[in-house]
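Report on one structure; see the data block that follows.
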Amino acid sequence: MKAVTVAAFGEPPQVSEQPEPKVGPDTVLVRVKVAGVNPVDWKVAAGRLDSILYVYLPLIPGWDVAGVVEKVGAAVTEYAPGDEVIAYDRMDTVQHGAYAELVPVPVRSLARKPASLSWQQAGGLPLAGLAAYQSLQAADVAKGDTVLVNNAAGGVGSFAVQIAVATGARVIGTAGEAKAGYLRSLGAEPVAYGEGLVQRVRALAPEGVDAALDFYGGEAISASMELTKSPSRVVSLVDPAIRELGGRYVFVRPDHAGLAELGSLSDAGKLTVHVEQELPLTDVAEAWQLSQSGHTTGKIVLRVS
Ligand SMILES: NC(=O)c1ccc[n+]([C@@H]2O[C@H](COP(=O)([O-])OP(=O)(O)OC[C@H]3O[C@@H](n4cnc5c(N)ncnc54)[C@H](OP(=O)(O)O)[C@@H]3O)[C@@H](O)[C@H]2O)c1
């Protein structure tokens, strides 16, 4: 099968022929249509998560999958060949990822592909959608809350805004000024990030906010702490040190039920996936450069087949 491999930390990703993956007893082999691109993919390939995850080289990157079940393991009853599925396929070790024609996925990480989403959209949903969903849960966001979403126009933020709005929360979202219209289209009240953020948020919410999500780090965390009544409702996906301030750090977990809920929201017309760009698998280096620019809107995905 064709797959992207990274031979050593810091080496460029390259497409080559690789052996077909094994199918474990509780695992499904998925023929990948679209693999989502997430910042963590190139961070892992650069060795930046080597101290916290067992990463084996050469490595096939990618944790976001949308595709069709090719084979199932001997103990799998939930899925059959031909089923259309999505997955956040992070296993306990990192080696056989989604940037490939075939990928092994444990049953616990799979869900049915939402009917309302194209393949392109489905491939961009799992990791960032679950990260948004689990961050909102960690911050206990409920109907009637006002929530600040820092980095609201990126992959995760675009989902967090929509899920919070669907929950009945009021959302204030940060992005560059050029993205104010995009944030409004998702249902957020836009504010520009950078110096003066606290004052701009207070102009919209003089009492501050009930909860805040950080998808950027640094200044977003300090502003969130200043604006939120209780630090325990400030959640970061970026900086574990937030715990020292009384906040919560989330590292997104594989979650079948969460994926199914995201699918229901999509099929109910409450959640859409904005894909900024789809590139062929062979253009993986370009996809990573785009992601590394730090200014993409919504998702970048790779078309595999
Ligand atoms: N812990 C976890 O489980 C987990 C899970 C998912 C993601 N993450 C991390 O969360 C972060 C966000 O991920 P993502 O996929 O959403 O990234 P992304 O899509 O690459 O984010 C791009 C967005 O960042 C915005 N941005 C740039 N500078 C900003 C600033 N100073 N303040 C606020 N927003 C700014 C950009 O808006 P403009 O173009 O307007 O500048 C752009 O829309 C990454 O660091 C990622 O590694 C962690």
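Heads up: the sequence shown begins at 34 in the working numbering, then just goes up one per residue.
Virtual Cβ for every residue (Gly too), placed ideally from N, Cα, C.
Can you give me the start and stop residues for the beta strand (DSSP E) that residue i sits inside?
| i | result |
| --- | --- |
| residue 182 | 179–183 |
| residue 311 | 308–313 |
| residue 142 | No beta strand (DSSP E) holds residue 142; DSSP gives it neither H nor E. |
| residue 91 | 87–93 |
| residue 244 | 244–247 |
| residue 215 | That residue, residue 215, is in no beta strand (DSSP E); its alpha helix (DSSP H) goes 213–219. |
| residue 200 | Careful: residue 200 lies outside any beta strand (DSSP E), inside the alpha helix (DSSP H) at 188–200. |
| residue 68 | 60–70 |
| residue 37 | 35–38 |
Looking at residue j and residue i, is the spacing between their C-beta atoms short of 9 Å?
| i | j | result |
| --- | --- | --- |
| residue 213 | residue 199 | no |
| residue 244 | residue 271 | no |
| residue 299 | residue 280 | no |
| residue 269 | residue 246 | yes |
| residue 63 | residue 136 | yes |
| residue 288 | residue 89 | no |
| residue 159 | residue 97 | yes |
| residue 37 | residue 94 | yes |
| residue 118 | residue 146 | yes |
| residue 34 | residue 44 | no |
Use the C-beta contact count for residue i: other C-beta atoms within 10 angstroms, 16 or more gives buried, fewer gives exposed.
| i | result |
| --- | --- |
| residue 325 | exposed |
| residue 170 | exposed |
| residue 111 | exposed |
| residue 154 | buried |
| residue 134 | buried |
| residue 223 | buried |
| residue 240 | exposed |
| residue 192 | buried |
| residue 218 | exposed |
| residue 108 | exposed |
| residue 261 | buried |
| residue 165 | buried |
| residue 55 | exposed |
| residue 327 | exposed |
Do you know offhand how far residue i's Cα is from residue j's?
| i | j | result |
| --- | --- | --- |
| residue 305 | residue 215 | 13 Å |
| residue 314 | residue 294 | 29 Å |
| residue 220 | residue 194 | 7 Å |
| residue 132 | residue 331 | 19 Å |
| residue 105 | residue 156 | 20 Å |
| residue 196 | residue 303 | 8 Å |
| residue 42 | residue 329 | 24 Å |
| residue 152 | residue 322 | 23 Å |
| residue 174 | residue 235 | 19 Å |
| residue 210 | residue 57 | 48 Å |
| residue 61 | residue 53 | 13 Å |
| residue 301 | residue 162 | 15 Å |
| residue 258 | residue 250 | 12 Å |
| residue 126 | residue 318 | 23 Å |
| residue 233 | residue 128 | 44 Å |
| residue 1 | residue 84 | Given a span of 34 to 338 for the chain in the structure shown, any question on residue 1 remains unanswerable. |
| residue 184 | residue 205 | 10 Å |
| residue 307 | residue 296 | 15 Å |
| residue 310 | residue 80 | 26 Å |
| residue 334 | residue 312 | 6 Å |
Hey, could you find the ends of the alpha helix (DSSP H) residue i is sitting in?
| i | result |
| --- | --- |
| residue 222 | Premise fails: residue 222 lies in the beta strand (DSSP E), 222–225, not in any alpha helix (DSSP H). |
| residue 171 | 159–171 |
| residue 110 | No alpha helix (DSSP H) contains residue 110, which DSSP labels as neither H nor E. |
| residue 260 | 252–260 |
| residue 292 | 289–300 |
| residue 317 | 317–325 |
Return the residue from the list the options that minimises the CA-CA distance to residue i.
| i | options | result |
| --- | --- | --- |
| residue 141 | 292, 70, 114 | 292 |
| residue 273 | 287, 248, 263 | 248 |
| residue 202 | 119, 147, 177 | 177 |
| residue 189 | 73, 277, 87, 312 | 73 |
| residue 46 | 206, 78, 335 | 78 |
| residue 208 | 50, 40, 164, 186 | 186 |
| residue 336 | 320, 42, 83 | 320 |
| residue 228 | 256, 55, 222, 237 | 256 |
| residue 91 | 75, 70, 39 | 39 |
| residue 182 | 231, 143, 80 | 231 |
| residue 116 | 126, 128, 290, 103 | 103 |
| residue 316 | 68, 59, 55 | 68 |
| residue 286 | 100, 143, 37, 59 | 143 |
| residue 252 | 37, 34, 275 | 275 |
| residue 124 | 148, 147, 86 | 86 |
| residue 290 | 205, 206, 167, 278 | 167 |
| residue 282 | 65, 238, 333, 172 | 172 |
| residue 277 | 296, 254, 297 | 254 |
| residue 99 | 338, 66, 334 | 66 |
| residue 284 | 59, 70, 82 | 82 |
| residue 338 | 101, 71, 149 | 101 |
Report yes or no: is there a C-beta of chain C within less than 9 Å of the C-beta of residue i?
| i | result |
| --- | --- |
| residue 179 | Note that chain C does not occur in the displayed structure, where there is just one protein chain. |
Report yes if the C-beta of residue i is less than 8 Å from at least one heavy atom of ligand 3; otherwise report no.
| i | result |
| --- | --- |
| residue 328 | Ligands in the displayed structure: ligand 1; ligand 3 is not one of them. |
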